[in-house]
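There are 2 protein chains.
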Amino acid sequence: MSDQFLPLVRYIKKYIELSDQETAYLCSLLHYRFIKKKQIIVQPGFVCKYRTYIVKGSMRAYLIDQEGNDHTLALGIEDWWISDYYSYIHQVPADLFVEALEDSYVIQMDYNAELILMETYPKFERFFRILSQRALAYMQRRILSNLSKSAGERYEEFSQKYPLLIQRIPQYAIASYLGFSSEFLSKIKKQRVKKVN
Amino acid sequence: MSDQFLPLVRYIKKYIELSDQETAYLCSLLHYRFIKKKQIIVQPGFVCKYRTYIVKGSMRAYLIDQEGNDHTLALGIEDWWISDYYSYIHQVPADLFVEALEDSYVIQMDYNAELILMETYPKFERFFRILSQRALAYMQRRILSNLSKSAGERYEEFSQKYPLLIQRIPQYAIASYLGFSSEFLSKIKKQRVKKVN
DNA sequence: CGCGACGTTGATTTGCCTCAACGATTGTGG
DNA sequence: CCACAATCGTTGAGGCAAATCAACGTCGCG
């Protein structure tokens, strides 16, 4: 068997122990895929079939509202997950697009496979519990940050926390993730340079 | 044994089945408490020890920033959970206050009890997985709503979704939850009345 | 009764948006 | 391999949604 799934297996082993048998079964349920830059893997109106783990590359999940403005829910690079989580969990049509920002390699698990996996080896309940608890705690922090901080402060915080993303993710995507326009991000950066001097 | 824990047991049984033995063990780990209006059960600097399920009453989780403004992360009434989830999950000092808005009765479970419970009866892994997955999906929707909608639209959506909260929760708490000032909420409501006529 | 908590209203200010024009860089088809 | 288009970021002018501040009304509670 190829070890294309190794990054994800290593990721999971940070949270639960896996025997060779369990690992093999897990891998039998996974799909390894190449996603070309700008390719869309989730779109509104279609159920989000997969949980997507990024092996290499970067992706963005975003909403387009009635006025045509886009709003970024999530950004992801190596070792992160991305999807329209609401659509995935409830198996209802998505509201979001999920799109590759770079040529990417991903590992996907579909909803039924996930259920079967948890039934076969209940320890995966534990893995998904930990995963979603951590994501939830993180989301709460993000909401607080959005509620309590100015655009400049949020950008500052983001740069500290994710210097890698600042380098690789287009500015319009970062601005949209942080909740302001990309023009305004330009102006923030200009102010910032002044401050440093 | 008293059945003060019945509401929570019923809640849990919506997601997993429980034998009498499991139920009894669960209840042995719970605490039933009365919280007086304005009483604070979580505060910054102290680890959030409990997950809190509201049996009766209402509560609010909020952050006070450097300028002294408060920002509401969560509101809760009967049959909802509330806590500083980040603090609880990671067992680190909280950033938030959690306060009763009315005289309230709650059921609390502490972090160690939760771990023991899941070890003793692994099916509780499943319960907490489902719980956090649903909360996570909900949080993502809230972020999208905050990113893509105006103050008026968010209030409209909130009123549709939680008519009970509109009646029972003070306006300043709702405004703060939705991310704008309570003065502005006054003005929104005024506009709204005009529209209806 | 009197005080404190909550909500309202109006005047003014401001953080961020919108629009438009313009470089710089990247990608692509001839 | 070049020309041209598309994409991305920057800059400035003007505008708007919502904040801030201050004053006032009202209600419930000690």
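Sequence lines, in order, name chains X and H.
Residue 150 in my numbering sits at position 77 of the first sequence, with consecutive numbering throughout.
Residue 157 in my numbering sits at position 84 of the second sequence, with consecutive numbering throughout.
We put the CB at the ideal spot given by N, CA and C, even for glycine.
What you are looking at is a predicted structure, and each value in this text was computed from that prediction instead of being measured.
Check                                                                                                                                            : Outcome
Report the option in R202/X, Y161/X, Q244/X and D176/X whose CA atom is closest to the CA atom of M182/X.                                        : Y161/X
For the alpha helix (DSSP H) holding K222/X, just list the boundary residues, first then last.                                                   : K222/X -> no alpha helix (DSSP H), and no H or E assigned at all.
With respect to the alpha helix (DSSP H) encompassing D183/X, which residues constitute its N-terminal and C-terminal limits?                    : Note, D183/X: premise wrong, no alpha helix (DSSP H); beta strand (DSSP E) at S177 to D183.
Report, in whole angstroms, the separation of the C-beta atoms of D168/X and L136/X, which I expect to be a contact under 8 Å.                   : 6 Å
So is D183/H in contact with chain X if we call contact Cβ pairs under 8 Å?                                                                      : no
Roughly how many whole angstroms lie between the Cα atoms of K222/X and K87/H?                                                                   : 38 Å
Taking only beta-carbon atoms, is Y254/X less than 8 Å away from chain H?                                                                        : It should be noted that the sequence gives Ser, not Tyr, for residue 254/X. No, S254/X does not count as interfacial toward chain H.
Using a C-beta cutoff of 8 Å, does A208/X count as contacting chain H?                                                                           : yes
Residues of the region 153–183 of chain X in Cβ contact with chain H at a cutoff of 9 Å, in chain order, please.                                 : D157, Y158, Y159, S160, Y161, I162, H163, D168 and L169
Give the interface partners of S91/H over in chain X, defined as CB-CB distance under 8 Å, in chain order.                                       : Correcting the residue identity first, residue 91/H is Leu in this sequence and not Ser. By Cβ distance, chain X contributes nothing, its closest Cβ being about 16 Å from L91/H, past 8 Å.
Answer yes or no: does any C-beta atom of chain H fall closer than 8 Å to that of P195/X?                                                        : yes
Inspect the beta-carbon positions of E198/H and R199/X and report whether they are closer than 8 Å.                                              : yes
Considering Cα atoms alone, identify which of Y178/H, R124/H and A147/H is closest to I108/H.                                                    : Y178/H
Comparing alpha-carbon positions, which option in R207/X, C121/X and Q213/X lies nearest F184/X?                                                 : For the sequence presented, residue 184/X should be read as Tyr rather than Phe. Cα-wise, what sits closest to Y184/X is C121/X.
Is it buried or exposed, R215/X, if we count other Cβ atoms within 10 angstroms and call 16 or more buried?                                      : buried
How is K86/X classed by DSSP in three states: helix, strand or coil?                                                                             : helix
Looking only at C-alpha atoms, which of N219/H, A147/H and E175/H sits nearest to K110/H?                                                        : E175/H
Look at R202/H and S205/X and say whether their C-beta atoms are less than 8 Å apart.                                                            : yes
If you drop the 5 nearest sequence neighbours on each side, which residues of the same chain put their C-beta closer than 8 Å to that of S249/X? : Y135, D143, H144, T145 and S255
Is any beta-carbon of chain H found at less than 8 Å from that of E151/X?                                                                        : no
What did DSSP end up calling R102/X once you bin it into helix, strand or coil?                                                                  : Reading off the sequence shown, one finds Leu at residue 102/X, where the question assumed Arg. Looking at L102/X - three-state DSSP - the assignment turns out to be coil, as it is neither helix nor strand.
Does S156/H pass the burial test, meaning 16 or more other C-beta atoms within 10 Å, or should it be called exposed?                             : buried
Spell out the partners DSSP gives Y126/H in its beta bridges.                                                                                    : W154/H and I180/H
Check the DSSP bridge columns for L91/H and list the partner residues they point to.                                                             : None; L91/H has no bridge partner.
Check the Cβ of R199/H against every Cβ in chain X and list those closer than 7 Å, keeping chain order.                                          : E198
Could you give the distance in angstroms between the alpha-carbon of Y194/H and the alpha-carbon of E95/H?                                       : 8 Å
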